[in-house]
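Protein chains in written order, with numbering that gives the first Met the number 0: chain A, 0 to 310; chain B, 0 to 310; chain C, 0 to 310; chain D, 0 to 310. We treat Cβ as the ideally placed atom computed from N, Cα and C, and that holds for glycine. None of the values given here were measured: they were computed from a predicted structure.
Protein chains: 4
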Amino acid sequence: MTTPRYAYLGPSGTFTEAALYAMAGDEEIEALPAVDVPTALAMVRDGSADYAVVAMENTVEGGVTATLDALAEGEPLEIYGETVMPIAFDLAVREGLGLSDIGSIGAHPHAWAQVRRWVSEVVPGTTFVPAASNAAAARQLAEQEFESLAFDAALVPPGVAPRYGLAVAAGAVADSVNAATRFVKVGPPGGFVAPTGADKTTLVVHLPNDQSGALLRMLEQFAVRGVNLSRIESRPISDRPGEYSFSMDALGHIQEARVAEAVVGLKRTCPVVLFLGSYPAAHGEPTPVIAGTSDLEFEAANEWVRTLRDR
Amino acid sequence: MTTPRYAYLGPSGTFTEAALYAMAGDEEIEALPAVDVPTALAMVRDGSADYAVVAMENTVEGGVTATLDALAEGEPLEIYGETVMPIAFDLAVREGLGLSDIGSIGAHPHAWAQVRRWVSEVVPGTTFVPAASNAAAARQLAEQEFESLAFDAALVPPGVAPRYGLAVAAGAVADSVNAATRFVKVGPPGGFVAPTGADKTTLVVHLPNDQSGALLRMLEQFAVRGVNLSRIESRPISDRPGEYSFSMDALGHIQEARVAEAVVGLKRTCPVVLFLGSYPAAHGEPTPVIAGTSDLEFEAANEWVRTLRDR
Amino acid sequence: MTTPRYAYLGPSGTFTEAALYAMAGDEEIEALPAVDVPTALAMVRDGSADYAVVAMENTVEGGVTATLDALAEGEPLEIYGETVMPIAFDLAVREGLGLSDIGSIGAHPHAWAQVRRWVSEVVPGTTFVPAASNAAAARQLAEQEFESLAFDAALVPPGVAPRYGLAVAAGAVADSVNAATRFVKVGPPGGFVAPTGADKTTLVVHLPNDQSGALLRMLEQFAVRGVNLSRIESRPISDRPGEYSFSMDALGHIQEARVAEAVVGLKRTCPVVLFLGSYPAAHGEPTPVIAGTSDLEFEAANEWVRTLRDR
Amino acid sequence: MTTPRYAYLGPSGTFTEAALYAMAGDEEIEALPAVDVPTALAMVRDGSADYAVVAMENTVEGGVTATLDALAEGEPLEIYGETVMPIAFDLAVREGLGLSDIGSIGAHPHAWAQVRRWVSEVVPGTTFVPAASNAAAARQLAEQEFESLAFDAALVPPGVAPRYGLAVAAGAVADSVNAATRFVKVGPPGGFVAPTGADKTTLVVHLPNDQSGALLRMLEQFAVRGVNLSRIESRPISDRPGEYSFSMDALGHIQEARVAEAVVGLKRTCPVVLFLGSYPAAHGEPTPVIAGTSDLEFEAANEWVRTLRDR
């Protein structure tokens, strides 16, 4: 068996890389850094990677919109799993320096956005120098001549500073103690992730117009089968004015009858329905199944109606 | 082949009998008068009749509530067809008499309720004498000694007066020119009436409580599949306080996918669901099928979801 | 102060009369028997009575459909109160006779419908002789010559037999131990019954067509304000094919904000809305008020929006 | 009268600046560049600016999430207007250079995300150098020594290159011909923008949980008043797990009855409702008003119900 290859938003030292290893667990894998999320997904589409790990929600490193767009366009892909990583940085500096030595910080703009308040309170007056990624800033800090440095510190995920030979001037740097990013593992369609009882199904649906009535009717397809949503986002469809695209996560697995029937209902009534996979939810809490929506109840009711129809 | 036996609310000369012959068409049948609707239905249940014809809506001869109750309780029965009869009476009198001779009218109370206003305007002062049926009043009028008569005229369906040797003092006697009654043909379950594209499906459903939310959710089972209702009636369930029984007609046939899936939804979520048959609608107008609810669209969407599930 | 005059479905000795006295309590009243429900209501409309007491649901003496129709047509009337009477008869016979002497029973057809099973089990073979009312049968039994009697017993409300000088051959005669009829007190509009916290509001609403969507939207007017229904009935509108009339009881009082706003919603969107009164519910149980629908919450939210609008 | 001061995402030369002048029209204003969106909004809150212009949807310069968050938190602000700017860049270079001289491009990462495909097709092999803003890249290109330049070209809004003494190597640089960003003008609450008949109302609402039922009920508050949404986005609330925040634009003005009643409904039933302003829609198309939802119909229905309540 060959070692599975995972594309991810590099370079080494990103939160995405940490998410990748969290999802891989003990499995031996090959990690392939990519310059951005679309490239990571393209590597799966063209076969140069088996999977990609990309940010899906609330990211500090960019890529949510890019992820949703890149998943929805081009060759179909599917989500195989998810993980949620708390987001707090270490503020890395050169050995021997401390907080009082910091006048500027190099970071990806999204990382900077997560720590602005902390910086203004703890090291007021510090300026921001944008970098292509936090890891790029860390490497630059470690490798460049001291005189040529454009900044004095870099934001890195916990545990990463020593890789660059850097020290940690402050840990747990974050404006919100609850900041977290959800990452998903994406692969080619058709891979089979069996239901666990605590699953999510990710869908993209287009609605013909912006009427609350159209959205209501779409949500009723879930409600009458007792399926709840844990995420819903609307976006205008750029080249079709007035049409909206909804990206959402439903609680349940396509192999559960209530989810399957809801998706059939969407497919019948919406101009576009994309299935982006059924996979175990990171939280692991069993999906509540309300009365009348279990697989057994669906099968019993279907069987009863079959006896009425086939005679 | 044996001649089919039809039970109906007798005696001969009722609107129900006229409905029976309207539905039988050219077929040779045996008509079996019954004393009331529950008895007519019981004759089907115990095999002493093949079918029953009973009033279902807007009756002038009673029996709607009785019909709904008697259909819902006991051995299952199914509706095979329906017809709608306009309701207007002939006012029958003894030969040689006219409107000015009428001081009292014998009739079933329900018939009387349909003509009260006409009587007060055309033959004011006339009193009402209740009879077990209109036909019983007509027979009494024809057969008794003149002196012993309790009334001077009887209300009978059009064309029936001559059978009793009676004359017609006035025709088209009705308070509403649109009065009509819907009759259904009822038989044992399992008889197969194929879809015509203009069908009704009659159902009885119990809801757990009187909340508008519970009714809303029940109706959503129809709405998400594009199924309309042409009749809905609620009644408290006598021995379960707080529970309600809904009797309704849905437009469509159980062998159409959108009706079948709606009935599956009811079966899953309501404590009681009775299927009382799918049969051609009397009006003959094809059921409108909105986008996304045709059998082809259901099959295509189900097939697509099957490919997602089975791999 | 003049004694209030109450019209009711007579003659003396009907369940309606019993309901009338149940609702009047200790108040001194004048009871005016009417020949039928429309007449009783007409007496209020023309001023010959102050109120009428009529059956509204589940009656044994007829009049439900007549009540709903007569309330909805003509000069406006309003409901001032309701009471629910258990329905079980005494089987009245001439002094000295018993169950074994009964070969036929005189009764209103609706009363007969409530006891058919009991009769077939307890005095099998007994035949039914229709009467204009149960009281008419009782009076005939008491007053006519024995030889001229058309029947041997009459069905009367509990306690009524002695009024006619009759004995009770059997009590609690009923097919269902839970049989009950709901009666309402009706008067001219504008009488003020203050909210008690346990009220009903009766409405008649027309919908433009038979679509489940139209019914759904009507019910949503209640649901978004947290108003529940305790009764809903649909009937085709005879002279406007395809239109439906819904009669319903909502839990709550028109002077409560959530009911008022729901009725505003109906008025805006339905071709016909009739308000038939807000009055104390017979059951006396306080209406459950879900979060966000109390008068205080309505007032607070309205006040907040007023501050946004008026500036 | 003093000149109004507008804060915006600077420096001079951003799309936000172009949007600012598009909204100001002929009015004389003072434009105050801010380092980021939260800062621009903070300047309105602390009085150092009268208004701020910030990106709200589909931005190429970042700030959408920041805008929504910064609007929702802290002292209340309100939206006074919106404009939609097509997004296509000029690729600016030093005088005398052309496309073939470009090996790297300096740009804000969000701008880069909008042109990646164009770049890979037209100038393949070109690398990306992140900048704090596009304008910063342009200024650096114009001002630095040629030898010290980290990149050869900059992405700038149309018409901006000459300000920096730069030439345009290519115009209309964009991956999507329909790319556009929506900008809003934000000020202190209480400023009055009268209804035009073509308005939007922006709201933020929290739902107690992630159930599709809760979202359905929220949307029903709009649907029963005939109010449509042109945007809806959900986001988890970071410090209250399981709660969701919905940001949305409703078509209509808070001073229209149907919008006001819908907002009252939200206020009653949702734990948090923020009103972010009613203002003219950029598209200028009159809001469709369906039957039963005009101000006149609301007022007539309210008046009718008032007559029922007040007596």
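Residue span of the beta strand (DSSP E) that contains residue i, given as start and end
| i | result |
| --- | --- |
| residue 245 of chain A | 243–250 |
| residue 79 of chain D | 77–85 |
| residue 182 of chain C | 179–186 |
| residue 32 of chain C | 29–33 |
| residue 278 of chain B | 271–279 |
Reference residue i, options the options, closest by Cα
| i | options | result |
| --- | --- | --- |
| residue 316 of chain A | A:257, A:231, A:264 | Since the displayed chain A opens at 0 and closes at 310, residue 316 of chain A lies outside it and no answer follows. |
| residue 105 of chain D | A:131, A:104, A:296, A:141 | A:131 |
| residue 290 of chain B | A:149, A:269, A:294 | A:269 |
| residue 228 of chain A | D:227, D:234, D:223, D:7 | D:234 |
| residue 112 of chain C | B:69, B:133, B:116, B:138 | B:69 |
| residue 294 of chain A | B:138, B:267, B:108 | B:267 |
| residue 133 of chain B | B:146, B:143, B:108 | B:108 |
Nonlocal neighbours in the same chain, by C-beta distance under 7 Å from residue i, ignoring five residues either side
| i | result |
| --- | --- |
| residue 17 of chain C | 84, 156 |
| residue 141 of chain A | 163, 164, 165 |
| residue 19 of chain A | 5, 7, 30, 52 |
| residue 39 of chain A | 6, 7, 8, 33, 51, 53 |
| residue 301 of chain A | none |
| residue 67 of chain A | 246 |
| residue 115 of chain C | 174 |
| residue 299 of chain A | none |
Pair within 8 Å by beta-carbon distance, residue i and residue j
| i | j | result |
| --- | --- | --- |
| residue 101 of chain B | residue 174 of chain B | no |
| residue 202 of chain A | residue 91 of chain A | no |
| residue 292 of chain C | residue 250 of chain C | no |
| residue 204 of chain A | residue 265 of chain A | yes |
| residue 206 of chain B | residue 215 of chain C | no |
| residue 167 of chain C | residue 89 of chain C | yes |
| residue 12 of chain A | residue 162 of chain A | yes |
| residue 10 of chain A | residue 37 of chain A | no |
| residue 98 of chain A | residue 122 of chain A | yes |
| residue 252 of chain C | residue 198 of chain C | yes |
| residue 186 of chain C | residue 77 of chain C | yes |
| residue 258 of chain B | residue 200 of chain B | yes |
| residue 273 of chain C | residue 71 of chain C | yes |
| residue 79 of chain C | residue 276 of chain C | yes |
| residue 128 of chain D | residue 110 of chain D | no |
| residue 223 of chain C | residue 263 of chain D | no |
Boundaries of the alpha helix (DSSP H) in which residue i is found, first to last residue
| i | result |
| --- | --- |
| residue 305 of chain C | 294–308 |
| residue 140 of chain A | 133–142 |
| residue 264 of chain A | 256–268 |
| residue 108 of chain A | 108–121 |
| residue 38 of chain D | 36–44 |
Close Cβ partners of residue i (< 8 Å) along its chain, the five nearest in sequence each way excluded
| i | result |
| --- | --- |
| residue 124 of chain C | 102 |
| residue 336 of chain B | The question about residue 336 of chain B has no answer here: the residues shown for chain B are numbered 0 through 310. |
Own chain, CB closer than 6 Å to residue i, minus 5 neighbours either side, in chain order
| i | result |
| --- | --- |
| residue 118 of chain D | 125 |
| residue 281 of chain D | 81, 82, 83 |
| residue 221 of chain B | 261 |
| residue 184 of chain C | 22, 50, 52, 79, 80 |
| residue 256 of chain C | 294, 297 |
Neighbouring residues, chain F, relative to residue i (Cβ below 9 Å)
| i | result |
| --- | --- |
| residue 253 of chain C | Chain labels in this structure do not include chain F; the protein chains are A, B, C and D. |
Closer than 7 Å: residue i CB and nearest the ligand FMN heavy atom
| i | result |
| --- | --- |
| residue 221 of chain D | Although the ligand FMN was asked about, the structure shown includes no ligands whatsoever. |
Practice prompt. Examine the Cβ distances between the stretch 43–59 of chain D and the stretch 192–200 of chain D and report whether three or more of them are shorter than 8 Å.
Written response: no
Item to complete: Tell me, please, whether the stretch 1–14 of chain B touches the stretch 22–32 of chain B by the rule of three or more beta-carbon pairs shorter than 8 Å.
Response: With contact defined as three or more Cβ pairs closer than 8 Å, the stretch 1–14 of chain B and the stretch 22–32 of chain B are in contact.
Item to complete: Specify whether the stretch 39–48 of chain B and the stretch 94–112 of chain C touch according to this definition: at least 3 beta carbon pairs, one from each stretch, less than 8 Å apart.
Response: With the cut-off at 8 Å, the stretch 39–48 of chain B and the stretch 94–112 of chain C do not touch.
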